[in-house]
Amino acid sequence: MLLSLEVDGAVPLYQQLRDRVVEAIASGALRRGDSLPATRQLAADLGINMHTVNKAYDLLRQEGLIRLGRRTGAVVSRDPASGPPAAGEIAQWEQQARTMLAEAVAKGLSPLETLRGCQAILDDFTAGSRDPALLGESAS
Amino acid sequence: MTVFPILLIGLIAWMLPALVPRSVPFAVRIPGARAKEPVIAQQRRCYRYGIAAISLVVAAVVLATGNRPPLGGLGVAAELAGAFALFQVARRRIMAAKHREQWFAGLRQVVVADTSLRTDPEPYPWRWAVPSIALTAATVVIAILRYPHLPARLATHFDAAGHADRYASVSLGSAFGPVAAQVLGTALLLGLAALVLRSKAQLDAEDPQTAGARHRRFVSSGARALLLAAACLSVTFLLTSLTAWKLIDLARPAPALVAIMPPLGVVVLVAVLVRVGQNGSRLRIRASPGTGSARRTTAGNRDDDRYWRLGLLYFNRDDPSLLVPHRFWLGWTLNLARPPRLGHHRGHDRYPRWRTPDRSAHPLTARPESGDHHERPTAVSAARVPLRALVAATALLIALSAGCSGGHPYKAATAAPRKASGDGGTTRELSFRSGPDTLPATLLSPDHWGREVPGALIISGSGPTDRDGNDRQFPHLDTNRNFARALSGDGVATLRYDKLGSGAAGLGAHPDPSDVDLDLYAREALDAYRTLARQPGIDPHRLIVVGHSEGGLFALWLADRLKGTPEAPQALVLAAPLGRRYLDVVARQLTDQYRRAQAAGQLSAKDAAARIADLKRIIATLRETGKPPAHLADPALAPALNPMNVAFLVRADRLDPADLARRLGPSLPVLVLRGTKDVQVDAGDIDHLMHGLAADRAAQRADIPDADHLFKVVTGTPNPPVDYANAGRPFAPQVAPRLASFLAPLK
């Protein structure tokens, strides 16, 4: 899986890293049980601070998407096949979706167009073939 | 023979522009679209003409002057210097064009990693390691079998024709020295091959798919070439040892073999690296099905020239890589900003602590710690670089044996949902581990969308004071919370926590209260500090510690403990801190109390004098024996001198805040706050502390008018028991602006 981060972007690096992993899980590029690189190694390949990777992994762990073990490293612990989320798990997502949709409405996108856009993105994920790195780019 | 290296170096230097990736011609990072700029082709021509001229002239001069040894070395040096100068000229001209024409303007710069390179890494080519291991093992076995039968005199050096020309009398050293060197050399090369396999994968963001495949071939070829070189080295060692032990006569069967092997190893290495090119740039990678030009991305590489000094030395503090591919040479170089540290996940601190004070002298720090470590690359002075490189080289072996796998130094830090609060920001409840305990904490973050903010750890005052600065008796003091609000208003996030025995923390894993001592609280502060450092949105490079009252002592301790490490706090705020040794402060407080009681007529002059005199005895006994005396003139003191308090007091009393302050160094910003109506910490205490800070140019003191120990406003004469029960008193308005101006440089 390719991870691509925009170094001078407005979004903090750890947030981008977290977003790319979430997208990879959604698109099927990462599945439950897949390993992520060790913090140090990933930081080295990206040429960024280890803390940044730590933070992203910690965030993903808090969101229940990965497991961190001393031995096993970071392992994806949930994917679309793991079943529907618990009630509390998507509260934060709903909050964010609200803001995202508000943005579309505020910018004059019609509800139908908005829905169509959402559907197209969802189709990308379910098609399961797209490269998450490219997806990240087209979304930004 | 001396012409051979001159010509080889010349040839490599001449080829180099074609061996490095097109995205870094002459070590200048360019966007792919600019690869055909005329300036690049022109500089390449100039450089090549120059190299050809220098190499041929140097070789001719060396040959003409009879090919004498010192001249050959000088010739190589002159050639390298010339090549370096030509390279710098080309690099500067291309860089000038790049800046003048702003080649990177408007380009989206990204860094790309291919996670499969790590989750499914290239396997270590053990089969290629077999020859060198077998040859080395054979040498060792023969050495052991042959040792009892060795002649009295051993050959230690051979001339070019294979005749021994130096001898040593037989001993363990002279017999096994070369064997040990062979074992070490082989192990070093084997370890280096492992590091090469794990070396940084700097992928071309414009075509990351292909770049990933190139990287695989590049590192696996490099590792194999190193293993072949190791085999060549082993052959030389084995043959010389056999000759020395009179098992073969080197002069007869294979005089050339020994002489040829080491250069052969170098040639193999160079040939392989030339074949694949730097980063595998010369390999043809077949596009996998379904890929191709459509997969090329629209983003460009990050302009990372700033990390390459002179285009040759890599210096990036943020990058944890040890080995990175050269930009304008073959193979790999070291990240010189990176101290060689190994086993970082094992809870040991192994990086050099050249500025850390002697710990054995420090009762608090002598303990081993189990807290997780977050280490960041440290600044390294240029003078240390050669030492560093040496350490790195020798450390390769240890790296290998330590298994050097990237671990995850995590501890549970559970988080509850965020919620807005009346404190000017977002609060988040979390908890962190400290030793066997889990402690609850509150993170208050200012609203700063998407930007990292500085973080402050707030350490409570004495007694069962919770994260907000309250206890059961006085639940509305809110000292810590007030500081958190003030800092949040200033754009600084804060973490405050319930120390053991306060608030929601309880005494959980400590049935024996006397083991709750100063060290434990110090550890809590350290663990809380590290928890703060890894919270999302917090800049781990801009951390400060705020200590209130007794917390000031821990703030000083923490700063001293982390001094010279990358984790060190950037500033300290000491709010009404403990200014003297603990028992001295307690004695002064009690003396004041007795005098007030006497003035109020609650205590006779004789009793007051007796109690004040008794204090001296109690303190002397505590300092001497660690226990209070059996008889106390003031029976009311007995409950305060319970074993838990005594254990803590006696330990804390060994620390003089002024001494800790003296060790902070000349430039750590420290703000000492004191309320003018504070009766718990008086002006004399603060004066004593300020003496300790006299050498710190960045230390400042601020007296807050009419504020008490909690920095709340007191009207009239302070009377703590009554004042503290009054929940309506405001937080002194001068505190926030004082903090803001002190912390302005952190913004």
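Keeping their order, the protein sequence lines are chains A and B. Each step along the first sequence adds one to the number in the working numbering, with nothing skipped, and position 88 is 88. To convert a position in the second sequence, counted from 1, into the working numbering, add 140. We treat Cβ as the ideally placed atom computed from N, Cα and C, and that holds for glycine.
Which of helix, strand or coil DSSP assigns to residue i
{"i": "D774(B)", "result": "coil"}
{"i": "S571(B)", "result": "strand"}
{"i": "E592(B)", "result": "coil"}
{"i": "S421(B)", "result": "coil"}
{"i": "W243(B)", "result": "coil"}
{"i": "G677(B)", "result": "coil"}
{"i": "A842(B)", "result": "strand"}
{"i": "F871(B)", "result": "strand"}
{"i": "A106(B)", "result": "Any property of residue 106(B) remains undetermined from this structure, which presents chain B solely from 141 to 887."}
{"i": "T578(B)", "result": "strand"}
{"i": "I388(B)", "result": "coil"}
{"i": "W469(B)", "result": "coil"}
{"i": "R682(B)", "result": "strand"}
{"i": "R814(B)", "result": "strand"}
{"i": "D863(B)", "result": "helix"}
{"i": "S642(B)", "result": "coil"}
{"i": "T380(B)", "result": "helix"}
{"i": "L879(B)", "result": "helix"}
Residues that residue i contacts on chain E, provided the C-beta gap is smaller than 8 Å
{"i": "I48(A)", "result": "Considering every chain present, this structure includes no chain E. Its protein chains are A and B."}
Rounded Cβ spacing between residue i and residue j (contact assumed at less than 8 Å)
{"i": "V593(B)", "j": "I678(B)", "result": "7 Å"}
{"i": "G420(B)", "j": "H355(B)", "result": "6 Å"}
{"i": "G691(B)", "j": "A633(B)", "result": "At roughly 18 Å, the Cβ-Cβ gap does not stay under 8 Å, so G691(B) and A633(B) are not in contact."}
{"i": "G687(B)", "j": "P717(B)", "result": "6 Å"}
{"i": "L925(B)", "j": "A199(B)", "result": "Outside the displayed range of chain B (141 to 887) lies residue 925(B), so it cannot be described from this structure."}
{"i": "A334(B)", "j": "Y264(B)", "result": "6 Å"}
{"i": "D611(B)", "j": "S642(B)", "result": "7 Å"}
{"i": "L635(B)", "j": "T671(B)", "result": "7 Å"}
{"i": "N620(B)", "j": "S600(B)", "result": "6 Å"}
{"i": "A175(B)", "j": "S272(B)", "result": "Wrong, their Cβ atoms sit about 40 Å apart, outside the cutoff."}
{"i": "R442(B)", "j": "V251(B)", "result": "5 Å"}
{"i": "L2(A)", "j": "L17(A)", "result": "Not quite, the Cβ-Cβ distance comes to about 13 Å (not below 8 Å), so this is no contact."}
Proximity test, Cβ basis, 8 Å: residue i and chain A
{"i": "E905(B)", "result": "The displayed coordinates of chain B run from 141 to 887. Any statement about residue 905(B) would go beyond what the structure contains."}
{"i": "K238(B)", "result": "no"}
{"i": "P676(B)", "result": "yes"}
{"i": "A192(B)", "result": "no"}
{"i": "K756(B)", "result": "no"}
{"i": "T259(B)", "result": "yes"}
{"i": "K767(B)", "result": "no"}
{"i": "T255(B)", "result": "yes"}
{"i": "D444(B)", "result": "yes"}
{"i": "P402(B)", "result": "no"}
C-beta neighbour in chain B for residue i, strict 8 Å
{"i": "P85(A)", "result": "no"}
{"i": "M100(A)", "result": "no"}
{"i": "V105(A)", "result": "no"}
{"i": "V75(A)", "result": "no"}
{"i": "E94(A)", "result": "no"}
{"i": "D141(A)", "result": "A question about residue 141(A) goes unanswered here, because the residues of chain A that appear run from 1 up to 140."}
{"i": "D19(A)", "result": "no"}
{"i": "L3(A)", "result": "yes"}
{"i": "D124(A)", "result": "no"}
{"i": "A127(A)", "result": "no"}
{"i": "L65(A)", "result": "no"}
{"i": "E23(A)", "result": "no"}
Per DSSP, cross-strand counterpart(s) of residue i
{"i": "W448(B)", "result": "Y454(B)"}
{"i": "T855(B)", "result": "None; T855(B) has no bridge partner."}
{"i": "A847(B)", "result": "V853(B)"}
{"i": "A633(B)", "result": "G595(B)"}
{"i": "L5(A)", "result": "V251(B)"}
{"i": "V464(B)", "result": "T473(B)"}
{"i": "G440(B)", "result": "Q249(B)"}
{"i": "A711(B)", "result": "I684(B)"}
{"i": "S602(B)", "result": "Answer by DSSP bridge pairing: none, since S602(B) is not bridged."}
{"i": "S35(A)", "result": "V75(A)"}
If you scan the stretch 742-799 of chain B from start to end, which runs of the alpha helix (DSSP H) of 4 or more residues do you find wholly inside it?
-> 745-765 and 783-793
Kindly provide the ranges of any beta strand (DSSP E) runs that are 3 or more residues long and lie completely inside the stretch 61-116 of chain A, ordered along the chain.
-> 66-69 and 73-76
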